Amino acid sequence: MPELPEVETVRRGLAPVFENAEILGLDLARPDLRFPFPERFAERVAGRRVLSLGRRAKYLLADLDDGEVIVAHLGMSGAFRIETDGEAVGGEAETVAAHAFVYPRSQARAHDHVVFRLKAAAGGVPMRIVYNDPRRFGFMTMVRREAIASHPYFRNLGVEPAGNALDGDLLARLFAGKAAPLKAALLDQRLVAGLGNIYVCEALYRAGLSPVAPAGTIATKAGRASVRAERLADAIRSVIDEAIAAGGSTLRDHRQANGELGYFQHSFSVYGREGEPCRTPGCGAAVARIVQSGRSTFHCPRCQK
DNA sequence: ACTGGATCCTGCCTGC
DNA sequence: TGCAGGCAGGATCCAG
């Protein structure tokens, strides 16, 4: 599920319930996910209030009222769902849109690993936020707010791909002199933080750039932006912004009848479309799949140079 | 300094 | 129908 647009969608879905809520307790179904949970995780979280739910790259950050931050990464298959204790929630289900729907309380499902039990808001019902992760590539830890910037997870993270931070000049500077293919450079979280396999493929298609072209070819000899760099920066911003607006992409996750979650997957131009026609008008070539550093790359061999 | 490959784990799809 | 093999949205570590 989760590249940046999906994580942002999760954040927006959880925030109305999680922010300002008091955590009554934490239930852990096992001692670890990808890594062990932090020492005394449940005790440190119990009784704390969540001040805000933020995001950096693909990380979720829940700021607590004692200066600690719960840091969560969804890995490949992590997902949150919100449950009530069975009462109808009326309009609240609408507020909590996109990737986090409010479900009636249910029996624990397979691969439910963490449950945050929340105190009922005034006039509301108690909520539970459940973390489910079949592959357990996700992880959670706790870091003090002032230590976030220097923490190993964050200190080497590159620029956010959405918003105004990323432009052709910056991208050209980051990629100047690099022999690695554009695909690999865009997946490198130290350069641009938050892109994953899907959105890299889509951005390269939009920019008309070959995934195998050396990253340094988007910079001039002086390290300045070229037309290619500007096109790529524009493509990254537009694909990420559009995907966030669409609620992210939902793949292999269709188990819930009411959970037609994100819908950006319907807008893919190349990802998962091997053998299908390129969508560029008049192109007519078939989308190709190649493997770069062990992962599938989808591209149009005719449009992308 | 880079790069590709292996690795963690489970589920699902394909092909024999 | 059963089962082996391959593949999947991530990110780190290691050898070359």
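With this note's numbering as the guide, the letters of the first sequence map in order to residues 2 to 306.
A virtual CB, placed ideally from N, CA and C, is assigned to each residue, including glycine.
Values in this document were obtained by computation on a predicted structure and should not be read as measured data.
Leaving out five residues on either side along the sequence, give the residues of the same chain with a beta carbon under 8 Å from the beta carbon of residue i.
i	result
GLU231	ASP168 and GLY169
LYS306	GLY209, LEU210, SER211 and ALA214
In this structure, does DSSP put residue i in helix, strand or coil?
i	result
ASP33	strand
PRO17	helix
PRO3	coil
GLN190	coil
ASN198	helix
ALA109	coil
HIS300	strand
ILE219	helix
LEU252	coil
PHE269	coil
LEU210	coil
ALA204	helix
ALA63	strand
ARG129	strand
GLU277	coil
GLU161	coil
TYR104	strand
For residue i, report the span of its alpha helix (DSSP H) as first-last.
i	result
GLU243	228 to 246
ASP170	169 to 176
Are residue i and residue j close, meaning C-beta to C-beta below 8 Å?
i	j	result
GLY14	GLY76	no
ALA58	GLY164	no
GLU69	ARG45	yes
LEU106	ARG129	Inspection of the sequence shows that residue 106 is occupied by Arg rather than by Leu. Yes, the pair counts as a contact, with Cβ atoms nearer than the cut-off.
ARG82	VAL131	yes
LEU205	LEU188	no
ARG296	CYS284	no
GLU20	LEU54	yes
PHE38	LEU25	no
List the endpoints of the continuous beta strand (DSSP E) containing residue i.
i	result
GLU69	69 to 74
VAL116	113 to 119
VAL46	No beta strand (DSSP E) contains VAL46, which is instead part of the alpha helix (DSSP H) from 42 to 46.
ILE291	289 to 293
LEU54	51 to 57
ARG82	80 to 85
VAL144	140 to 145
Can you check which of these residues, the options, is closest to residue i by C-alpha distance?
i	options	result
SER78	ILE130, ARG137 and LEU233	ARG137
ALA289	GLY276, LEU172, GLY295 and ARG280	GLY276
ARG50	GLU23, PRO37 and ALA30	GLU23
ILE291	SER211, THR281 and ILE241	SER211
LEU27	LEU54, TYR264, HIS114 and LYS222	HIS114
ALA181	ALA216, VAL103, ALA150 and GLU203	ALA216
THR85	VAL116, LYS222 and PHE38	VAL116
ASN133	SER270, ALA246 and ASP33	ASP33
GLU4	PHE155, PRO162, ALA223 and LEU25	PRO162
ARG274	PRO282, ALA287 and ARG238	ALA287
ARG56	ARG207, ARG280 and ILE149	ILE149
ALA313	ARG207, TYR154 and GLN293	Here the chain comprises residues numbered 2 to 306, so residue 313 is not present and cannot be evaluated.
ARG145	TYR154, ILE71 and CYS301	ILE71
ARG12	LEU25, ALA63 and ARG118	ALA63
VAL193	ALA43, PHE155 and PRO135	PHE155
For residue i, collect the residues of the same chain with a Cβ closer than 6 Å to its Cβ; drop the 5 residues on either side in sequence, then sort them by chain order.
i	result
ARG191	ASN157 and GLY159
ALA73	LEU61 and MET141
ALA121	PRO127
ALA166	VAL160
Excluding five sequence neighbours on each side, which residues of the same chain lie with their C-beta closer than 7 Å to the C-beta of residue i?
i	result
ILE219	LEU172, ALA173, PHE176, SER227, ARG229, ALA230 and LEU233
ARG35	GLY76, ARG137, PHE138, GLY139 and PHE140
ALA244	PRO6, TYR200, SER250 and PHE265
TYR272	ILE199, CYS202, GLU203 and PHE299
GLY178	GLY217
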